[in-house]
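For reference, the structure is listed below as structure tokens.
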Amino acid sequence: MMKGLKKWRLFSLLAVMTVFLSACGENYISTLKPAGAVGKQQLNLLIFSTSIMALVVVVVSVLYLLAFVKFRRKKQDENYIPKQVEGSHTLEVIWTVIPIILLLILSVPTLVTTYKLGDVAAMEHVDEDGNKTALTVNVTAKLYWWEFEYPEQGIVTAQELVVPTDEKVYFNLKAADVKHSFWIPSIGGKMDTNVENVNKFYLEFDEESQGLKDGVFYGKCAELCGPSHALMDFKVKTLDRDAFDTWVAAMQATEGQTASKDSTDLGEATFAANCLGCHAVSGAGASGAMGPNLTAFGDRNRVAGVLEHSKDSIETWVKNPESIKPGNLMTGAYGKLSDEEVSAVADYIMSLSVED
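Start counting the sequence shown at 1; every next residue gets the next number (UniProt numbering).
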């Protein structure tokens, strides 16, 4: 008996620790430390709902314990039968009306918030010149990376989403292969990306990411999509509006930029001969490339979304991408490159930058 009680005490301790440790996440990836208006509304709704459910649990538990204590057998004669309340209209009304009231209290703010966060009508608003007033990003999820197109700005990038703070950013979400799910835990979300239709929603970014541990917020795929689902990460860099406009101009200025097979630089020539068919090095253009756009690769936070941003990581990835992300579409593409060529390509890719 005592052994069983000890097991239950351990289980209870672990349950309590789980509750407390769930609030110990880093602010660049924790849903409990939101850095955007959408995330804050979702957290408030979660706390509100949890509070009501906790209240119900407490009330039911108290009633159960009172009945347990009051009517326990050892306090009464063995033949004692407590007052029977079966068929009591009063009790029937109470335990029917109260749940209905609680459901209304839960459902009304939930529905209001859901419809509010789903309102993307402003995405189509235009100014006097016919230009859209809201920033829109077309997100395409692929195995196992993310492409971000800014249609009004005429630029495209990958793996690192760059957005301005203190304004709504609208997203068109789709998938190129299988179902994925776009999620930035600290900002809000999540929303599925489907092959057959486009989902739309918006997010607001209240804080600049520069002061964070890694200088970025973390984004994730929240839908099981294959063997490397857990490694399908992206990063989010949030800037003030002026800095964002500067970044856009720098990306637009790369129009026509390419790599040449005739270059005297071994890395550029090797890249042009082996990589340029899938990876663009110009940020000006449209989405749809086979591989991630590498225009601003030197400014990124990670290699392949998960590796340390270094030359060694690039070499590891190029030599054996399957060992990093099983099932990725680049697997086996670069086995013919020598160690010298791989090293030179890594140097070239690291040199690609649009930031000062």
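We put the CB at the ideal spot given by N, CA and C, even for glycine.
Identity of the residues DSSP links to residue i by a beta bridge
i	result
Arg302	Glu308
Val354	In the DSSP output, where bridge partners are listed per residue, Val354 has none listed.
Met191	Phe182
Tyr144	According to DSSP, Tyr144 bridges with nothing at all.
Asp127	DSSP, once it has assigned bridges, lists no residue as partnering Asp127.
Ile155	Tyr150 and Ala284
Leu239	Pro164
Asp233	Lys220
Thr136	Tyr170
residue 376	Absent from the model: residue 376. The displayed extent of the chain is 1 to 356, so no value can be given.
Ala175	Ala141
Asn199	Leu173
Pick from the options that is closest to residue i, judged by C-alpha positions
i	options	result
Lys237	Ser313, Ala122, Pro326 and Glu204	Glu204
Leu294	Ile100, Ala158, Val108 and Trp146	Ala158
Gly130	Gly256, Val120, Tyr115 and Glu152	Glu152
Leu239	Trp95, Gly215 and Cys225	Gly215
Ile314	Asp356, Met290, Gly327 and Phe271	Phe271
Met191	Asp177, Ala176, Cys221 and Phe217	Cys221
Ser323	Val198, Ser228 and Thr246	Ser228
Ala134	Thr113, Ser209, Glu167 and Thr246	Glu167
Gly285	Leu66, Phe71, Thr90 and Gln252	Gln252
Asp339	Asp299, Leu106 and Gly267	Gly267
Cys225	Ile184, Ala175 and Gly211	Ala175
Ala121	Gly189, Ser107 and Thr136	Thr136
Thr246	Asp356, Gln210, Met232 and Leu212	Asp356
Rounded separation between residue i and residue j - CA only
i	j	result
Ala23	Lys33	In this prediction, Ala23 has a pLDDT of 48, which is less than 50 and means its spatial position is unreliable; nothing more can be read from the coordinates.
Val195	Val139	12 Å
Met123	Leu173	13 Å
Leu276	Ala259	7 Å
Gln84	Trp95	17 Å
Leu117	Leu111	10 Å
Ala250	Asn301	18 Å
Val292	Ile47	In the sequence on display, residue 292 carries Pro and not Val. So the alpha carbons of these two residues sit roughly 39 Å apart.
Leu104	Ile98	10 Å
Val49	Ala269	This sequence places Ser at residue 49; Val is not what is there. Going from the Cα of Ser49 to the Cα of Ala269 covers about 59 Å.
Asn197	Ala141	13 Å
Trp317	His309	11 Å
Trp145	Asp119	28 Å
Lys200	Thr114	13 Å
Leu66	Leu106	28 Å
Integer Cβ distance of residue i from residue j, believed to fall under 8 Å
i	j	result
Val169	Val163	5 Å
Phe182	Thr193	6 Å
Phe171	Tyr202	7 Å
Val38	Ile187	7 Å
Leu143	Gly288	Contact flag wrong, Cβ pair sits at about 15 Å.
Thr31	Leu43	7 Å
Ile52	Leu91	No, Ile52 and Leu91 are not in contact; Cβ-Cβ is about 22 Å, not under 8 Å.
Cβ pair residue i, residue j closer than 8 Å
i	j	result
Ser353	Ala296	yes
Gly219	Thr254	no
Phe234	Leu161	yes
Lys319	Val342	yes
Leu329	Asn274	no
Tyr348	Asp265	yes
Gly36	Asp206	yes
Phe217	Tyr28	yes
Met350	Lys325	no
His180	Glu208	no
Residue i at chain C interface by Cβ criterion, 8 Å
i	result
Lys168	Among the chains of the structure shown, chain C does not appear; only one protein chain is present.
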